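Numbered per our numbering, the sequence shown spans residues 185 to 425. Even for Gly, the Cβ is constructed at its ideal location relative to N, Cα and C. These numbers come from a predicted model, not from an experiment.
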Amino acid sequence: GGGGGSADIELLLGQLEDKLLRTQHDLEDARRAHYFPAASGFSLRFSYNDTYVGFKELLLEHLSGVLRISVAAGTSAHGHAQVPSLRVTWEGGAGCGGSGSGGALRFLGEGVSVVNRRDLFGISLAPNISFTRIDLSARFKAVLPLVYLPKRRSWKLESGFKIELLQFKREASSAAGAESEYAPEKLLRLLMQAVIEGMTRHLLMGQLGPHLGAYLKAARHGAEVVVDVSVRGIPVRTFDA
């Protein structure tokens, strides 16, 4: 009767939502691959909102701060199924100059290309700007809510995410790529935000493993974990010697 019809509609809705998410995920992958093809030497691709960033080489000097990870399992305390989720918050740490100063990031990018999509009257515009070399540093706070998509076996960024740049600086070695001197700061900030989101995702999945989502789907208990992050690379000044 009515109950069966309602269940059928709910099932159909779930199938259509999954197809839409899968299509959106594949579209984003295709856009990144199109804007920054491997054949042209691009090795890393990030995106944040409508901004897409490709790197031929990215040299990380440091990424540090405190990651607070709140985990919601796939089964509630009352036994009801729910979507497994993570809420990841970047906070300051002792190595970042105090708890209020946020995370810290500095990197040197070589062969960097930025595509900032805007849709106007149904026409997709993709203005492009490239840098031979760019050296950026920032202190930041970020909130990244992620939900697990079981059929895709992947994590999706949810609404409500934000990345706030508390401090932002173009370092001196950017002068080697003079294009950055004329780039709008707003565009460079979007570039930095895309890198923060992408690096956080890579860091989480690398440390927590690819099977976390499947485990959480069956788990009954959530948790909160605090991780002190300190990733150190080669100092940027080494490349100016």
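- Task: Take alanine 265 and list the residues in its own chain whose beta-carbon comes closer than 8 Å to its own, dropping the five residues that flank it on each side.
- Result: Only residues of its own chain outside the window of five on either side were considered, and among them Gly258, Thr259 have a CB closer than 8 Å to the CB of alanine 265, listed in chain order.
- Query: Which first and last residues belong to the beta strand (DSSP E) in which lysine 325 is found?
  - Reply: Per DSSP, the continuous beta strand (DSSP E) segment holding lysine 325 begins and ends at 312–333.
- Message: Pop quiz: phenylalanine 324 and glycine 293 are said to be a contact at Cβ under 8 Å. What is the actual Cβ separation, rounded to whole angstroms?
- Response: So it is not a contact: roughly 17 Å between Cβ atoms.
- Pair every Cβ in the segment 327–335 with every Cβ in the segment 390–410, then say whether three or more of these pairs are closer than 8 Å. yes
- Throw me the rounded Cβ distance for the valine 296 and valine 237 pair, which I believe falls under 8 Å. 7 Å
- Message: Am I right that phenylalanine 291 and glutamate 348 are in contact with their C-beta atoms under 8 Å? What's the rounded C-beta distance?
- Response: Actually they are not in contact, since the Cβ atoms of phenylalanine 291 and glutamate 348 sit about 18 Å apart, beyond 8 Å.
- Cβ pair count under 8 Å reaching 3, the segment 380–389 against the segment 203–212: no
- If we count the other Cβ atoms within 10 Å of its Cβ and call it buried at 16 or more, is arginine 337 buried or exposed? exposed
- Query: Taking the alpha-carbon positions, what's the arginine 229 to leucine 387 distance?
  - Reply: 15 Å
- Item | CB of leucine 328 within 8 Å of CB of phenylalanine 315, strictly | No, the Cβ-Cβ distance between leucine 328 and phenylalanine 315 is not below 8 Å.
- Message: Would leucine 374 and threonine 273 be called neighbours here (beta carbons separated by less than 8 Å)?
- Response: no
- Reducing DSSP to helix, strand and coil, say where valine 267 ends up. coil
- Straight-line CA distance for alanine 191 to proline 419? 58 Å
- What are the boundary residues of the alpha helix (DSSP H) that alanine 398 is part of? Segment 396–402, the alpha helix (DSSP H) holding alanine 398.
- Using a threshold of 8 Å, state whether the C-beta atoms of leucine 289 and leucine 372 are closer than that. no
- Item | Contact set for histidine 218: own chain, Cβ-Cβ below 6 Å, skip 5 residues either direction | none
- Task: Quick one: residues in its chain with C-beta nearer than 7 Å to the C-beta of alanine 214, no 5 flanking neighbours on either side, listed in chain order?
- Result: The same chain holds no residue with a CB closer than 7 Å to that of alanine 214 once the five nearest residues on each side in sequence are set aside.
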